[in-house]
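**Student:** I have a structure here, written as structure tokens, and I will follow up with some questions on it.
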Amino acid sequence: MPPADIFDRIEHDVLPVLPGRAHDLARLRALHAQAGLSTVTVIGKYNHGKSRLLNELMGEDTFAVADKRETTGLNVHVKDSVRWLDAPGLDADVGQDDDRFARQAAWLQSDIRLFVHSAKEGELDAQERSLLQALRADADSTRRQTLLVVSQVDQVADGAQLQQVLGAIGRQAQGMALNAASSTRHRQGVDGGKKLLIERSGIPALRAALDQALRQVPQARAHESAQLKSAMHQELLQREAALGKQNDELLGLQAQQRRQFDQDLGAVFDKARQDLAEVMATPGPDLALRPDTAHDKFRLTAGRMERARVQVAYSKVCIQLNAALTRHGAIELPTAQHTVARSLNSVMVAVLGVSVKYREDLRRMFYDDAGREDLQRDFARYYEISADRQALAARIAQVDGQRAAVRTALQSLRALQALEDAA
Ligand SMILES: Nc1nc2c(ncn2[C@@H]2O[C@H](COP(=O)(O)OP(=O)(O)O)[C@@H](O)[C@H]2O)c(=O)[nH]1
Ligand SMILES: [Mg+2]
3 MPPADIFDRI EHDVLPVLPG RAHDLARLRA LHAQAGLSTV TVIGKYNHGK SRLLNELMGE
63 DTFAVADKRE TTGLNVHVKD SVRWLDAPGL DADVGQDDDR FARQAAWLQS DIRLFVHSAK
123 EGELDAQERS LLQALRADAD STRRQTLLVV SQVDQVADGA QLQQVLGAIG RQAQGMALNA
183 ASSTRHRQGV DGGKKLLIER SGIPALRAAL DQALRQVPQA RAHESAQLKS AMHQELLQRE
243 AALGKQNDEL LGLQAQQRRQ FDQDLGAVFD KARQDLAEVM ATPGPDLALR PDTAHDKFRL
303 TAGRMERARV QVAYSKVCIQ LNAALTRHGA IELPTAQHTV ARSLNSVMVA VLGVSVKYRE
363 DLRRMFYDDA GREDLQRDFA RYYEISADRQ ALAARIAQVD GQRAAVRTAL QSLRALQALE
423 DAA
């Protein structure tokens with residue numbers, strides 16, 4: 003039997019990835035927790051004789067029997083390699099705790115369920131029918147058996163009437179064997195040493211049917227355990243594949259966006275060379291370099307005009323660059339890099355500086371390949387830390403984290419399998 007901590011590990015690793023499998027994980031633990039012991043439980047409405055039936059089947063007055071609601075929590079008694087589990091009744095009007103305990107007994111702990119319905123109540127009601135339906139569906143997938151017991155048959159004095167009730171229930175539970183039983187008759191027979199009464203109580207036949215079902219428990223458990231593990235394994239593999247696909251798509255999108263950005267910006271730089279050609283090609287001495295004197299303070303000098311020409315040409319390039327950056331969402335600096343001067347918080351200013359007045363600057367920025375590459379690299383750096391790009395990167399990291407969690411969950415399941423294979 004695998005040690006309990008492997009199930010702690012599995013719950014720790016698998017549950018966050020497959021939260022819908024909480025019950026399956028608990029069941030898997032239960033399946034391995036009581037190796038060698040099979041759990042038999044009762045399901046049915048209260049006062050239908052469930053506790054007493056268990057006592058008769060065990061041959062011991064272990065569980066409390068009463069006309070009022072007696073069984074509340076779950077009571078366990080181990081006898082003959084069986085965990086006999088007495089559960090409260092499933093009734094529409096009961097408090098939530100009882101229902102929770104009853105469900106826990108039926109679904110989480112039991113290997114075999116005795117579905118108990120009192121003959122004096124006549125047919126199964128809607129609630130019982132749907133519960134029985136659910137148990138039969140469960141048996142199809144888990145191979146856990148449910149035995150249908152019509153209890154307290156001594157309470158229906160008229161034999162013909164009893165046949166009618168049994169016939170009706172038989173039609174409601176098509177394909178299931180009916181076990182008619184009377185705990186009272188059984189006890190009278192045992193106490194009085196009356197063999198015939200014991201036989202007629204139906205308890206020995208029910209016990210035989212139960213023993214046969216018990217012999218199939220190890221196989222059923224192996225089947226159920228394998229099925230649970232394989233279902234979770236499949237789901238994890240599917241999850242892994244889906245996340246892998248998502249990751250590929252996100253990485254593809256990331257690369258494609260970047261390519262588009264680089265192309266767009268490259269096109270602006272190419273165009274800048276054309277647009278600046280005229281101002282760059284002005285013949286003769288570069289008047290823009292001619293400094294103004296104090297005398298020139300309010301005059302429109304040739305130097306000033308030339309510098310203005312350069313600046314206007316440069317501004318046009320800036321407008322194009324800014325448009326390209328805007329298309330790609332790289333406008334503002336990240337908040338962490340903001341200065342108090344709002345006008346300085348733009349990617350444009352951060353990369354290009356405030357103004358350009360000289361041809362030499364334009365040449366360096368737009369005509370030298372090295373200068374142009376520097377600018378493109380700087381813009382790209384700001385592009386990568388822009389809000390949308392960061393959000394995309396965060397999404398990719400998140401998917402990475404989810405993939406890692408799925409892989410860890412798969413490893414835990416495989417560790418359990420390895421333990422079982424070694425055993
Ligand atoms: N006549 C008769 N009474 C029974 C039989 N089984 C149980 N009872 C009585 O029905 C009442 C409820 O039984 P109990 O086992 O506590 O029902 P539970 O609530 O389903 O567990 C008690 O008074 C029992 O003595 C039976 O086979 N015949
Ligand atoms: Mg009871």
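Those letters in the sequence shown? Residues 3 to 425, by my numbering.
Positions of the beta carbon are idealized from the N, C-alpha and C atoms, including for glycine.
1) Taking Cβ to Cβ, would you say A6 is nearer than 7 Å to V44?
2) As a quick check of your reading: which residues have a C-beta less than 6 Å from at least one non-hydrogen atom of ligand 1, in chain order?
3) Check the C-beta distance from F103 over to G46 and give it rounded, since I have them as a contact under 8 Å.
4) Give me the Cα-Cα distance between D1 and A343, rounded to the nearest whole angstrom.
5) Measuring straight from C-alpha to C-alpha, what distance separates L150 and H119?
6) R391: buried (16+ other C-beta within 10 angstroms of its C-beta) or exposed?
7) According to DSSP, is L17 helix, strand or coil?
8) Using a 10 Å radius around the Cβ and a threshold of 16 neighbouring Cβ atoms, would you call L245 buried or exposed?
9) What does the alpha-carbon distance come out to for the pair L164 and K122?
10) I'd like the span of the alpha helix (DSSP H) that includes T410, first residue to last.
11) So, using beta-carbon positions, are L33 and S227 closer together than 7 Å?
12) If you reduce the DSSP assignment to three classes, tell me which class N347 lands in.
13) Determine the direct distance from the alpha carbon of M234 to that of A325, and round the result to whole angstroms.
14) Run through DSSP, which three-state label would L64 get?
15) On a CA-only basis, which of V152, L92, R105, Q36 is nearest L55? Give me that one, please.
16) If we count Cβ pairs, one from each stretch, closer than 8 Å, do we get three or more for the stretch 212-230 versus the stretch 166-175?
17) Could you please give the first and the last residue of the uninterrupted beta strand (DSSP E) stretch that includes A325?
18) Between the alpha carbons of L238 and F9, how many angstroms are there, rounded?
19) Taking the alpha carbon of A182 as the point to measure from, which residue in P285, G204, G194 has its own alpha carbon closest?
20) Does F381 pass the burial test, meaning 16 or more other C-beta atoms within 10 Å, or should it be called exposed?
21) Say yes only if the C-beta of S120 is nearer than 6 Å to one or more non-hydrogen atoms of ligand 3, and no if none qualify.
22) Which runs of the beta strand (DSSP E), 3 residues or longer, sit entirely within the stretch 72-138?
23) State the Cα-Cα distance for the pair M282 and R361, rounded to the nearest angstrom.
24) Ignoring anything shorter than 3 residues, give me the beta strand (DSSP E) runs that lie fully in the stretch 233-270, in order along the chain.
25) Considering only DSSP beta bridges, list what Q147 is partnered with.
26) At which residues does the beta strand (DSSP E) containing T41 begin and terminate?
27) Could you check how far apart the C-beta atoms of S83 and F65 are, in whole angstroms? I think they sit under 8 Å.
28) Is V342 helix, strand or coil when you go by DSSP?
29) Could you check which residue in F368, V349, R309, K196 has the C-alpha nearest to that of Q276?
30) Quick check on this structure: which residue in L137, Q154, V155, D156 has the alpha carbon closest to the alpha carbon of Q147?
31) Give the secondary structure of S203 by DSSP, where H, G and I count as helix, E and B as strand, and everything else as coil.
32) Would you decide whether V353 is buried or exposed? Buried here means 16 or more other CB atoms lie within 10 Å of its CB.
33) For the beta strand (DSSP E) containing L180, list its first residue and its last residue.
34) Under 7 Å, do A290 and V319 count as touching if we go by C-beta distance?
**Tutor:** This is what the structure gives:
1) Taking the sequence shown and counting its residues from 1, the one referred to as residue 6 is at position 4. Taking the sequence shown and counting its residues from 1, the one referred to as residue 44 is at position 42. Cβ atoms of A6 and V44: not closer than 7 Å.
2) What you get when you keep residues with a C-beta closer than 6 Å to any heavy atom of ligand 1 is Y48, N49, H50, G51, K52, S53, R54, V67, A68, D69, E72, T73, G91, S153, Q154, D156, Q157, S184, S185, T186.
3) For the purposes of this step, residue 103 is taken as the residue at position 101 of the sequence shown. For the purposes of this step, residue 46 is taken as the residue at position 44 of the sequence shown. Actually they are not in contact, since the Cβ atoms of F103 and G46 sit about 14 Å apart, beyond 8 Å.
4) Only positions 3 to 425 of the chain appear in this structure, which leaves residue 1 out of reach.
5) The residue labelled residue 150 in the question sits at position 148 within the sequence shown. The residue labelled residue 119 in the question sits at position 117 within the sequence shown. Looking at the two C-alpha atoms, the distance is approximately 8 Å.
6) Locating residue 391 in the sequence shown gives position 389, counting from the first residue. By the 10 Å Cβ count, R391 comes out buried.
7) On the sequence shown, position 15 is the one that residue 17 refers to. Secondary structure at L17: coil, using DSSP grouped into helix, strand and coil.
8) Position 243 of the sequence shown, counted from the first residue, corresponds to residue 245. Counting Cβ neighbours within 10 Å, L245 comes out buried, since at least 16 surround it.
9) Counted from its first residue, the sequence shown places residue 164 at position 162. Counted from its first residue, the sequence shown places residue 122 at position 120. Cα-Cα distance, rounded: 9 Å.
10) If you number the sequence shown from 1, residue 410 lands on position 408. That run of the alpha helix (DSSP H) goes 389-424.
11) In the sequence shown, counting from the first residue as 1, residue 33 sits at position 31. In the sequence shown, counting from the first residue as 1, residue 227 sits at position 225. The answer is yes: Cβ separation under 7 Å.
12) As a first step, residue 347 must be located in the sequence shown, where it is residue number 345. Correct three-state label for N347: coil.
13) Locating residue 325 in the sequence shown gives position 323, where the first residue counts as 1. Locating residue 234 in the sequence shown gives position 232, where the first residue counts as 1. Spanning the two alpha carbons is a distance of roughly 51 Å.
14) Residue 64 sits at position 62 when you count from the first residue of the sequence shown. The displayed chain sequence assigns Thr, not Leu, to residue 64. Of the three classes helix, strand and coil, the one that applies to T64 here is coil, per DSSP.
15) Counting from 1 along the sequence shown, the entry for residue 55 is found at position 53. When each option's Cα is compared against that of L55, the closest is V152.
16) no
17) Counted from its first residue, the sequence shown places residue 325 at position 323. No beta strand (DSSP E) holds A325; the alpha helix (DSSP H) holding it covers 304-329.
18) Numbered from 1 along the sequence shown, position 236 holds the residue referred to as residue 238. Numbered from 1 along the sequence shown, position 7 holds the residue referred to as residue 9. Cα to Cα, the separation comes out at about 17 Å.
19) In the sequence shown, counting from the first residue as 1, residue 182 sits at position 180. Of the listed residues, the one whose Cα sits closest to A182 is G204.
20) Here the question's residue 381 lines up with position 379 in the sequence shown. Buried, by the Cβ-count rule.
21) Ligands present in the displayed structure are limited to ligand 1 and ligand 2, and ligand 3 is not among them.
22) 77-81, 84-88, 114-120
23) On the sequence shown, residue 282 is found 280 positions in, with the first residue counted as 1. On the sequence shown, residue 361 is found 359 positions in, with the first residue counted as 1. Answer to the nearest angstrom: the Cα atoms are 6 Å apart.
24) none
25) In the sequence shown, counting from the first residue as 1, residue 147 sits at position 145. Answer by DSSP bridge pairing, in chain order: I114.
26) Within the sequence shown, numbered from 1, the residue matching residue 41 stands at position 39. Looking at the DSSP string, the run of the beta strand (DSSP E) that includes T41 is 40-46.
27) Here the question's residue 83 lines up with position 81 in the sequence shown. Here the question's residue 65 lines up with position 63 in the sequence shown. In fact, because the Cβ distance is near 18 Å, the residues do not count as touching under 8 Å.
28) Here residue 342 refers to the residue found at position 340 of the sequence shown. Three-state DSSP puts V342 in coil, outside helix and strand.
29) For this step, residue 276 is matched to residue 274 along the sequence shown. For the set F368, V349, R309, K196, the Cα lying nearest the Cα of Q276 is the one of F368.
30) Within the sequence shown, residue 147 is the residue found at index 145, counting from 1. Nearest C-alpha to Q147: L137.
31) To locate residue 203, count along the sequence shown from 1; it is residue 201. The DSSP-derived three-state label of S203 is coil.
32) On the sequence shown, residue 353 is found 351 positions in, with the first residue counted as 1. When all chains shown are included, V353 counts as buried.
33) Reading the sequence shown from its first residue, position 178 is the one you call residue 180. Where L180 is concerned, the enclosing beta strand (DSSP E) stretches over 180-182.
34) For the purposes of this step, residue 290 is taken as residue 288 along the sequence shown, with counting starting at 1. For the purposes of this step, residue 319 is taken as residue 317 along the sequence shown, with counting starting at 1. No.
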